[in-house]
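Structure first, commentary second.
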Amino acid sequence: MTIGVAASGPQAGAAVQAAALAAEAMGHGAIGGFAVFAVMDDAGRVRHRWCQRGGVTALNLPPDWLQAPRAALIESGPDRPEPLVQFLPGADGVGLVTGHRLPNRPGTDGIALNQAALGLMAAGAPPGDAVGQVLQAHPEIDAGLIALSAAGELAWGNTRRVARRPDQGLAHRDNGLCRVAVLHNSIHPCPPLADAMADLAWYALTGESAPYRALTLGVPVAITAAARDRVLVDAQGRILAIEQADPSLPSAPRRANAIYLGSEVWQDGRHIGHTVSELTADMADGRVYGVPDPARSLIIMKE
1 MTIGVAASGP QAGAAVQAAA LAAEAMGHGA IGGFAVFAVM DDAGRVRHRW CQRGGVTALN
61 LPPDWLQAPR AALIESGPDR PEPLVQFLPG ADGVGLVTGH RLPNRPGTDG IALNQAALGL
121 MAAGAPPGDA VGQVLQAHPE IDAGLIALSA AGELAWGNTR RVARRPDQGL AHRDNGLCRV
181 AVLHNSIHPC PPLADAMADL AWYALTGESA PYRALTLGVP VAITAAARDR VLVDAQGRIL
241 AIEQADPSLP SAPRRANAIY LGSEVWQDGR HIGHTVSELT ADMADGRVYG VPDPARSLII
301 MKE
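In full-length UniProt numbering, the protein residues as written are 1 to 303.
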């Protein structure tokens with residue numbers, strides 16, 4: 001699996017991080033390995049962080065990066081060719097280019113597709129033209145691109161080769177001020193993944209709720225036997241209690257499945273949706289304690 005995400009607007013860095021966490025919670029295949037995260041600040045300066053293993057949570061992003069007005073990420077399995085920034089190039093005052101599959105694959109002129117798009121943007125082309133020209137010139141190269149300009153414009157697309165894949169996903173949101181785009185593929189496709197990633201990113205950008213939402217386990221909560229699987233949450237999506245219908249719910253301390261796929265989600269006595277990911281966590285004495293990795297403490301629900 002490879003994911004590419006880019007966003008513009010207030011909290012763009014947080015939006016991109018949220019989309020990546022959704023992919024790590026819901027995705028299957030090569031994910032949570034190498035990651036490259038790039039931001040562009042208000043002065044147009046580009047900064048990068050990268051890792052070979054551990055995904056977005058291994059990057060330890062500075063708080064000010066989450067506030068950045070432009071941000072992008074690419075993430076997949078571990079141990080990719082160095083330097084990792086080749087997968088997400090950027091240029092001060094110009095923009096960032098991410099993507100999926102192999103956006104660093106060289107074109108007929110020997111220039112990597114993502115670098116070619118960035119070069120066209122540096123020469124004055126808007127992202128849509130830059131992405132379109134590069135992809136149309138190389139229809140059978142295994143790549144998809146997302147280009148983000150310093151002005152916050154977004155454009156994306158796949159080559160014809162990638163568009164034929166049955167496992168590729170695409171989602172985007174735009175209200176004129178905030179924008180986000182997601183591309184991904186997976187050997188084990190998860191049909192709603194692109195929409196879930198975009199919804200979580202959109203919430204981080206705008207505060208507007210969408211069908212897919214994140215639930216968080218920030219403090220230990222009670223887990224009890226019940227007639228059906230339920231998760232009780234507050235208005236901010238914080239988990240307050242867990243009910244599980246599995247009669248083999250362990251009583252001894254152990255790490256086990258605490259929130260089952262498809263569990264009902266309830267808020268203030270109302271059934272508001274169901275979980276589309278699971279939570280494996282440490283449990284003891286009738287309480288769930290979560291795990292240190294925030295990507296593993298995140299649960300995705302759908303209305």
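Idealized CB from N, CA, C, for every residue including glycine.
Could you check the C-alpha separation between Ala20 and Ala252 for me, to the nearest Å? On the sequence shown, residue 20 is found 20 positions in, with the first residue counted as 1. On the sequence shown, residue 252 is found 252 positions in, with the first residue counted as 1. Near 33 Å, if we compare the C-alpha coordinates of Ala252 and Ala20.
Where Gly55 and Met26 are concerned, what is the direct C-alpha to C-alpha distance, given to the nearest angstrom? Taking the sequence shown and counting its residues from 1, the one referred to as residue 55 is at position 55. Taking the sequence shown and counting its residues from 1, the one referred to as residue 26 is at position 26. Near 14 Å, if we compare the C-alpha coordinates of Met26 and Gly55.
Which of helix, strand or coil DSSP assigns to Gln236: On the sequence shown, position 236 is the one that residue 236 refers to. Looking at Gln236 - three-state DSSP - the assignment turns out to be coil, as it is neither helix nor strand.
My output table needs one value for Phe87: the three-state DSSP class, helix, strand or coil. Translated into the one-based positions of the sequence shown, residue 87 becomes position 87. In the structure shown, Phe87 sits in a helix (DSSP, three-state: H, G or I).
Would the beta-carbon of Thr108 fall within 9 Å of that of Ala137? Residue mapping note: residue 108 aligns to position 108 of the sequence shown, counting from 1. Residue mapping note: residue 137 aligns to position 137 of the sequence shown, counting from 1. Yes.
Tell me the rounded alpha-carbon separation between Pro106 and Leu113. Your numbering for residue 106 matches position 106 in the sequence shown. Your numbering for residue 113 matches position 113 in the sequence shown. When rounded, the distance between both Cα atoms is 6 Å.
CA-to-CA distance, Leu240 to Glu75, given in whole angstroms: Against the sequence shown, residue 75 aligns to sequence position 75. Against the sequence shown, residue 240 aligns to sequence position 240. Roughly 32 Å between the two C-alpha positions.
Counting only the same chain and skipping the five closest in sequence on each side, list residues whose C-beta sits under 7 Å from that of Gly128. As a first step, residue 128 is located in the sequence shown; it is residue number 128 there, counting from the start. Excluding residues within five positions, the ones whose Cβ falls inside 7 Å are Ala155.
Run through DSSP, which three-state label would Glu303 get? Walking along the sequence shown from the start, residue 303 turns up at place 303. It is coil, neither helix nor strand.
With a cut-off of 8 Å, do at least 3 Cβ pairs link the stretch 88-97 to the stretch 38-52? yes
Return the first residue and the last residue of the alpha helix (DSSP H) that Asp199 is part of. Translated into the one-based positions of the sequence shown, residue 199 becomes position 199. Counting along the chain, the alpha helix (DSSP H) containing Asp199 begins and ends at 193-206.
Near Ala150, which residues of its chain fall below 8 Å by C-beta distance, leaving aside the five closest residues on each side in sequence? As a working note, residue 150 is residue 150 in the sequence shown. Excluding residues within five positions, the ones whose Cβ falls inside 8 Å are Met40, Gly44, Arg70, Gly93, Val94, Gly95.
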